[in-house]
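Below is one structure; the comments refer to it alone.
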Amino acid sequence: MNATALLSAAKDGILTGSVYALMATGLTLIFGVMDIINIAQGILVILGAYLSYALQVHWHIDLFVGLLITIPTMFLVGVVIERLFFRRLTGPERTGMSILVTYAVSLLIEGALNMIFSVNDVQLQGSYVNKSFAIGSVHFGFIYVAGFVLAVVLLSALYFMLYRTRFGVSVRASVADQTSAALVGIDVKRVSTIVFGIGVAVTAAGGMIYGATNAFNASTSYDLISRLLTIIVLGGMGSLGGALLAGVGMVFVGDMVGVIWSPVWSSMSYFVVLAVVLLVRPQGLFGKQSARVA
Amino acid sequence: MKLSRKYFRTFGVASVAGALSLTMVTASGASSGGLAAGAPVKIGISLSLSGDFSADGLAFQQGYKLWAADVNKAGGLLGHKVVLDIVSDASSPTQVVTNYQKLVSSDKVNLTFGPFSSLLSLPAGKTLSRYGYALVEGAGGGPSVFQAGLHNIFDVSLPVANNLMPFATWITSLPKSVRPTSVAYVTSNDPFTQPQLTTIEGTLSKAGIKQVYNKVFPAEVTDFTPIADAVAAAKPQVVVLGSTDVPTVSAFMQAFEQSGFSPKVFIATGGPDQGSTFIKAVGASNANGIMVPNAWYGGSANPLSKKMVAEYIKQYGGTAAGVSSDVVEAYSVGEVVAQAVKATGGFDNKKIIAYLHSGAVLSSAQGPVKFNSVGENVTPTAFTFQWQGSKFVQVNPVHDPNSVKVLFPKPAWGK
């Protein structure tokens, strides 16, 4: 092990972790407002990646320019899913049922992607995808840096929306107590639909970066969702800041363990961190202590 | 009372014996060997149509289907139409067990073909041994499969342990002035990959090639960048990657390029042999110089291989270099089983197992097949293949007439 390896691992942890944080943000936002555990978030990330792939292969649209199309498209996908599957999902069993429903949605999308694109792995290409620049002995891949910047921009925009707009007030009120929010005139159903759309829309950006840095097929979603769920549980279900810190923190810890000790233990290190945090704070790093009653 | 007890005891023993006989007959339905005239022969297969091995699973499915279509075109197996009963195991060693139990007990298949990978072939073989079924497979060549002591498993492909030996022989035969001086071993914890790397470590070490990195990573890793960066930081001249699929190899290649690191030699145990799938993921220019061990390639001069490749291209398009080695591994399974069925005159698994253990030499698109007592194919020779431009060529053993000159050192990325 040398200093370059350590610095590279730290860099990888922060850059890659921010993209995972972005993907997890959608998941935690949806849970925060709707009490829905969206198991389909992994396959939606892959759907976002395939949309970028289709735009690139068929219309030669650059990956980043393509986001102008894929982000609104994924927003609409989210709105349609919410309207079709979750609008009528009410009552005390809502959270538990949401796991089954989103799993079914996930299987439907996976099947459709396998039919359209086959199960052969693909990767997003671009002249800048494999390029890098060096600071000292550490090389920074353009695509990872761009992913980091994109994650920071989108997370900042989400933060601004939540804390500096009237709609954000409605969202936060719905997160705190849906019944009270409805009593003061907030259209909780409309808020839920838009939030679900936003939660899915961020997967377009996350998926594009993921697809440019990894070969993927529809089955890749299983590895993704397990990691995303771990991140939001660690950060605290429903907490944006928690998702950000947990996303970066967990990937950072995993990467450092992989270099200092062995890659065999890097995946396990997430769960050790998770177990220790949950022993001390069962609600996660930034989760609310008392469970909200829907 | 006594009479009654004796009566019930006798009746009970008879019932149990009857039930056992019925169970045995039912479970080994294939063991009867006979099929009604016109009845199809059902072949049960569990394949990874989703999950980590889905790309390989799809290629295997193509190989099996291609073989079945060829056999049926020629009148079937002993006049019986071949029907493939394929179920997906989602790349799970647990699901593969359930699948073969279902195929035998519920679907009542006559024969079984293997899944993809050593990881799944072993539990599949164990399960089928309990039912007395032969498991002929094409991608379960890891030592752990043969060390299990199963009598019913047969791998028609090259046993993987010595896959990298021609590569190691080539490296060590290079003049000292140009021979690489350092090597990194990095492998997935998979029964297919790990034994291959372990086998050549001593050989390279004896030739003075210093080991600068040696780590194992778990198969479920999704982000290979930190591992690849650590390899790049060690600056080895040779990288030996124990991989089973394209995403792993492409992730390492991308991270190496971004790190400004290009080894003189880069060989991966699996992935580069997947033809057009590999090229689509990494780009043809980046593939230049990448090596992979195997026993077969699309340009093989074997007439059975030529025929299969031509049929594959006719059905799926592409070029010979684009045909995944998974396809021929599956196709060869069908060829070997067809010869065993013909030789034994039926579909009796017991007879098929005995025949395959008899030392008979069978032919396949991969070359001759002859099994030892644990089901390893003892005839194939390991080769090393390399991407040279858009061509996938044989480069080792160096003195083999079909080998072309190794592209050494590997050109820089994108060149």
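Order-wise, the sequence lines are chains H and C.
Per our numbering, the very first residue in the first sequence carries number 2; after that it's consecutive.
Per our numbering, the very first residue in the second sequence carries number 848; after that it's consecutive.
Heads up, the beta-carbon is just placed ideally off N, CA and C, and yes, glycines get one too.
None of these values were measured; they are calculated from a predicted model.
Using a C-beta to C-beta distance shorter than 8 Å, which residues of chain C count as neighbours of residue i?
| i | result |
| --- | --- |
| LEU225 of chain H | THR1069 |
| HIS59 of chain H | In chain order: nothing, as chain C lies at least about 15 Å away. |
| GLN42 of chain H | Those do not exist, as GLN42 of chain H stays about 15 Å from chain C at its closest Cβ, beyond 8 Å. |
| THR5 of chain H | ALA1080 |
| ASP13 of chain H | ASP1070, THR1072, PRO1073 and ASP1076 |
| VAL106 of chain H | Here the premise fails: no neighbours, minimum Cβ distance about 16 Å. |
Pull the bridge partners of residue i from the DSSP assignment, please.
| i | result |
| --- | --- |
| ILE1199 of chain C | The partner list for ILE1199 of chain C (beta bridge, DSSP) is empty, contrary to what the question assumes. |
| GLY891 of chain C | C:ASP932 and C:THR959 |
| SER1132 of chain C | Partner(s): none; SER1132 of chain C has no beta bridge. |
| GLU984 of chain C | C:ASP1002 |
| TYR1060 of chain C | C:ALA1031 |
| MET1138 of chain C | C:ILE1114 and C:GLN1233 |
| ILE136 of chain H | H:VAL139 |
| HIS927 of chain C | C:LEU924 |
| MET1209 of chain C | First, the amino acid is wrong: residue 1209 of chain C is Leu here, not Met. Note: LEU1209 of chain C sits in a beta bridge opposite C:VAL1216. |
| PHE217 of chain H | H:VAL123 |
| GLY1089 of chain C | C:THR1034 |
Can you tell me the Cβ-Cβ gap for residue i and residue j, rounded? I've got them flagged as a contact below 8 Å.
| i | j | result |
| --- | --- | --- |
| GLY148 of chain H | LEU16 of chain H | 7 Å |
| VAL1078 of chain C | ALA1031 of chain C | 5 Å |
| VAL80 of chain H | PHE197 of chain H | 7 Å |
| VAL1007 of chain C | GLN948 of chain C | With 8 Å as the limit, VAL1007 of chain C and GLN948 of chain C do not qualify as a contact, their Cβ atoms being about 27 Å apart. |
| PRO1110 of chain C | LYS1257 of chain C | 7 Å |
| VAL888 of chain C | HIS927 of chain C | 4 Å |
| ALA1177 of chain C | TYR911 of chain C | 5 Å |
| ALA10 of chain H | ASP256 of chain H | 4 Å |
Can you tell which of the options has its C-alpha closest to the C-alpha of residue i?
| i | options | result |
| --- | --- | --- |
| ASP36 of chain H | H:PHE76, H:LEU109 and H:MET98 | H:MET98 |
| PHE907 of chain C | C:GLN1241, C:GLY1236, C:ALA884 and C:GLU984 | C:GLU984 |
| THR1124 of chain C | C:VAL1096, C:SER893 and C:ASN1010 | C:VAL1096 |
| SER1210 of chain C | C:GLN1241, C:VAL1240, C:ASN1196 and C:VAL1175 | C:VAL1175 |
| GLN126 of chain H | H:GLY236, H:ILE210, H:LEU245 and H:GLY14 | H:ILE210 |
| TYR980 of chain C | C:PRO1244, C:PHE900, C:LEU958 and C:GLY1236 | C:LEU958 |
| LYS1252 of chain C | C:VAL1033, C:GLN1235 and C:VAL1063 | C:GLN1235 |
| LEU1254 of chain C | C:ALA995, C:ALA886 and C:TRP1017 | C:TRP1017 |
| LEU245 of chain H | H:LEU45, H:SER157 and H:VAL58 | H:SER157 |
| GLN1105 of chain C | C:ALA1259, C:ALA921 and C:PRO940 | C:ALA1259 |
| GLY142 of chain H | C:ALA1054, C:ALA1075 and C:GLU1048 | C:ALA1075 |
| ILE199 of chain H | H:GLY212, H:LEU45 and H:ALA6 | H:LEU45 |
| GLU1223 of chain C | C:GLY988, C:GLY972 and C:GLN1101 | C:GLY988 |
| THR194 of chain H | H:LEU77, H:VAL102 and H:GLY248 | H:LEU77 |
| GLY996 of chain C | C:ASN1009, C:PHE1014, C:LEU1005 and C:LYS973 | C:LYS973 |
From residue i to residue j, what does the alpha carbon distance come to, in whole angstroms?
| i | j | result |
| --- | --- | --- |
| SER878 of chain C | ASN121 of chain H | For SER878 of chain C, the pLDDT reaches just 41, beneath the cut-off of 50, and the residue's location in the model is therefore unreliable, although a value from the coordinates is still provided. Answer to the nearest angstrom: the Cα atoms are 38 Å apart. |
| TYR1144 of chain C | PHE253 of chain H | 41 Å |
| ASP224 of chain H | PRO1065 of chain C | 12 Å |
| LEU8 of chain H | TYR129 of chain H | 23 Å |
| GLN909 of chain C | VAL172 of chain H | 50 Å |
| MET1012 of chain C | TRP60 of chain H | 46 Å |
| THR71 of chain H | SER53 of chain H | 7 Å |
| VAL930 of chain C | HIS998 of chain C | 26 Å |
| THR1072 of chain C | SER935 of chain C | 31 Å |
| GLY1193 of chain C | PHE217 of chain H | 43 Å |
| ALA50 of chain H | ALA152 of chain H | 15 Å |
| ASP1173 of chain C | GLY243 of chain H | 44 Å |
| VAL203 of chain H | GLU83 of chain H | 15 Å |
| VAL259 of chain H | LEU114 of chain H | According to the sequence provided, residue 259 of chain H is Gly. The question's Val does not apply to it. Spanning the two alpha carbons is a distance of roughly 33 Å. |
| VAL1085 of chain C | ILE890 of chain C | 44 Å |
| LEU235 of chain H | LEU28 of chain H | 13 Å |
| ALA1115 of chain C | LEU241 of chain H | 41 Å |
| GLY904 of chain C | VAL185 of chain H | 56 Å |
| ALA884 of chain C | SER1205 of chain C | 29 Å |
So residue i contacts chain C; which residues on that side make the cut at Cβ distance below 7 Å?
| i | result |
| --- | --- |
| GLY142 of chain H | GLN1105 |
| ASN218 of chain H | SER901 and ALA902 |
| ASP256 of chain H | PRO1073 |
Chain H partners of residue i, CB-CB under 8 Å?
| i | result |
| --- | --- |
| THR1124 of chain C | ASN121 and ASP122 |
| GLY898 of chain C | SER220 and TYR223 |
| ALA1098 of chain C | THR214, ASN215 and ALA216 |
Would you mind telling me which residues of chain H sit closer than 9 Å to residue i, beta carbon to beta carbon, in chain order?
| i | result |
| --- | --- |
| ASP1037 of chain C | Per Cβ cutoff of 9 Å: no residues; ASP1037 of chain C is ~12 Å from chain H at best. |
| ASP1120 of chain C | Those do not exist, as ASP1120 of chain C stays about 14 Å from chain H at its closest Cβ, beyond 9 Å. |
| PRO1094 of chain C | ASP122, GLN124, ASN215, ALA216, PHE217, ASN218 and THR221 |
Kindly list, in the order they appear in chain C, the residues whose Cβ is closer than 9 Å to that of residue i.
| i | result |
| --- | --- |
| GLY259 of chain H | LYS1062, PHE1064, VAL1068, PRO1073, ILE1074 and ALA1077 |
| GLN284 of chain H | Those do not exist, as GLN284 of chain H stays about 27 Å from chain C at its closest Cβ, beyond 9 Å. |
| VAL265 of chain H | ASN1036, LYS1062, VAL1063, PHE1064 and PRO1065 |
Could you list which residues in chain H have their beta carbon closer than 7 Å to that of residue i, in chain order?
| i | result |
| --- | --- |
| VAL1175 of chain C | Residues of chain H passing the Cβ test: none, with the nearest at roughly 17 Å. |
| LEU905 of chain C | SER119, VAL120 and ASN121 |
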